[in-house]
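Mapping of the sequence shown onto the numbering used here: position 54 corresponds to residue 1021, and the numbering continues sequentially without gaps.
Just so it is clear, CB atoms sit at the ideal spot from N, CA and C, and this is done for glycine as well.
Only a predicted model underlies this, so the values are computations on that prediction, with no experimental measurement involved.
One structure is given here, and the rest of the page talks about it.
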Amino acid sequence: MPSPWERSKILCSIPVAVLVIIAALDSADKALLGASFPMLEKNLGLHVDTLGYFSLFTNLSYALCLPFWGFLVHRYTVQHAHNILCISCFLWGVATLSIAQSETVVSQAFFRSLNGAALASILPLSQMMLVDLVPSTMRGSAFGLMGFLEKAAATLATSAVVWYDDWRIPYLAVGSASVLMAIAAKIFLQMKTKVKEDETTNGEELSLLGIFKRISRIPIFVYLVAQGVFGAIPWDIMSFVLLLLEWKGFTKEQIISFQFAGGIFGMFGAFLGGLLGDYFAHLPHGRTNVAVVSVLSGILFYGLFLYSETYHLCIVWHSLFHLMGGWCPAAACRPICADLAQNQVERAQIVAAWVLLEKTSSSIFGAPLVGFLTKRLFDENLVSTNQEKARVLARNIFLLSTFFWGICGYFWFIMGRSEQHRNEMLFREKEEKKKGYAANRHV
């Protein structure tokens, strides 16, 4: 177990800092789409269903390009992972800068698709490298730190859109920073990947298809994908939250305070989730129980936030939701996913396969579905005032989010039981290997 000084030294090292900053910029870029919905509606005259289709283009291109980035890691080995990350960061920055200059729906859709394709590389590559940089006992803390800065970056990005009343400025800033981080990835991540080159196969090299076949037979991976498929949809639906707050009649300053409160509580919530995951990891299904508590409390506080009418109640429930509803990635998802892999290349493939299915489902059943249903209800019921629109939108968001989060919680529950069974099997296998080794030495 590393000492506190050693833990701080590991978490504050330059390679970890580069990966965490890239992940934070990734989170900021993703948050910009939902934050710019109200302004895109005003400036370009877009309806809620069209805004939902923007989310569809981004997420589908993201999901469909995940296997491509995973293939590049498998084809060119971990030694060149920093080069792949450098190229993807550069493409991502160029696409984001182009979005800021786009004035038409067609150009917006095209560059958002290109943006999603480049962003698809960040999660599998950054997670693969980060796990290699920290010991297994610190993975929850490392992912908690990453989640902390991801929340901070997303908060700054969305608040900047509202504050400047111009969605282009944050896009220009994030795009420029992404290009700079491409250079940083090339310089500072090179040595670590070379050192670990001889560990990438562990003496057994599987084909890309072989890796997918192996991980698809692991029940925990199936449950991990299932919870991600259903659990990611409500987070994608949150693209409409800023539009909901505006329709409820909140001022610009109040909307910004929602962003800051949610971001601050979300930062500490992500870090707290990582610490809780590490603390309870030694218990039977400890990490998954932390995830179940997070999902259930998130449903409760999110519903209270959506249906509250006053500013003070809304911001209280909104803050509590972000404090407790975001534990899953750092506490359970990323550490469990890392434990399933046999080597670095396989780790990237597992993350790519997991996020592929998760993003594909959320891109279809998330913001596009809410936008479609909400627009049809507006037309059918002749909704005219913003308050009536807010009630219809809040109901659609709550019903869909509760349904999908409920299924997500169920898969976390059964994953915990499967995880305990898998740990018992691995323990028995290790004991049998030890006995066999001792018997051979005795002979």
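By the CB criterion at 7 Å, residue 1290 and residue 1232 fall inside the cutoff. Of the residues assessed, residue 1156 falls on the buried side of the cut-off, its CB having 16 or more other CB atoms within 10 angstroms. Straight-line measurement puts the Cα of residue 1318 at about 21 Å from the Cα of residue 1024. Burial is judged here by how many other beta carbons sit within 10 angstroms of a residue's own beta carbon; residue 1093 has at least 16 and is buried.
Secondary structure of residue 1356 (DSSP, three-state): helix.
DSSP places residue 1104 outside any alpha helix (DSSP H), giving it a letter other than H or E. Residue environment analysis places residue 992 among the buried positions, since at least 16 neighbouring C-beta atoms fall within 10 angstroms of its C-beta.
Below 8 Å, enough C-beta pairs join the segment 1084 to 1104 and the segment 977 to 994 to call them touching: three or more. Within the segment 1182 to 1232, the runs of alpha helix (DSSP H) at least 4 residues long that lie entirely inside it are, in chain order, 1186 to 1204 and 1208 to 1214. Note on geometry: alpha-carbon atoms of residue 1283 and residue 1181 lie some 45 Å from one another.
In the three-state DSSP reduction, residue 1133 falls in the coil class, being neither helix nor strand. Here the C-alpha atom of residue 1028 lies approximately 5 Å from the C-alpha atom of residue 1080.
If you draw a 10 Å sphere on the C-beta of residue 1208, you find 16 or more other C-beta atoms in it, and that means buried. Put simply, the backbone Cα of residue 1185 is about 26 Å away from that of residue 1202.
Distances from the alpha-carbon of residue 1040 to those of 1065, 1087 and 1286 put 1087 closest. Taken through DSSP and simplified to helix, strand or coil, residue 1238 comes out as helix.
Bounds of the alpha helix (DSSP H) holding residue 991 are 981 to 1002. Beta-carbon to beta-carbon, residue 1302 and residue 1114 are separated by about 12 Å, too far to satisfy the 8 Å threshold. When DSSP states are grouped into helix, strand and coil, residue 1092 belongs to the helix group.
For residue 1284, the uninterrupted alpha helix (DSSP H) run begins and ends at 1278 to 1291, by DSSP. Taken through DSSP and simplified to helix, strand or coil, residue 1267 comes out as helix. Under the three-state reduction of DSSP output, residue 1316 falls in the helix class. Scanning its chain for C-beta atoms nearer than 7 Å, with the 5 sequence neighbours on each side dropped, one finds around residue 1381 the residues 1190, in chain order. Under the DSSP assignment, residue 973 falls in the alpha helix (DSSP H) whose first and last residues are 971 to 978. Distance from residue 1298 to residue 1236 at the Cβ level is roughly 10 Å; contact not present, criterion being Cβ atoms closer than 8 Å. Counting along the chain, the unbroken alpha helix (DSSP H) around residue 1307 starts and ends at 1301 to 1307.
The Cβ atoms of residue 1273 and residue 1364 lie closer than 7 Å to each other. Secondary structure note for residue 1063: its alpha helix (DSSP H) is the uninterrupted segment 1048 to 1067.
Remark: C-beta atoms of residue 1121 and residue 1022 do not approach each other more closely than 7 Å.
When the beta-carbon positions are compared, residue 1321 and residue 1192 come within less than 7 Å of each other.
Looking from the CA of residue 1103, the closest CA among 1251, 1379, 978 and 1128 belongs to 978. In the three-state reduction of the DSSP assignment, residue 1070 falls in the coil class. Remark: C-beta atoms of residue 1257 and residue 1376 do not approach each other more closely than 7 Å. Spatial neighbours of residue 1254 in its own chain (CB-CB distance under 7 Å, excluding positions within 5 residues in sequence) are listed in chain order as 1244, 1247, 1248, 1298, 1299, 1302 and 1303. Here the C-alpha atom of residue 1383 lies approximately 5 Å from the C-alpha atom of residue 1252.
Looking from the CA of residue 1063, the closest CA among 1052, 1071, 1225 and 1082 belongs to 1082.
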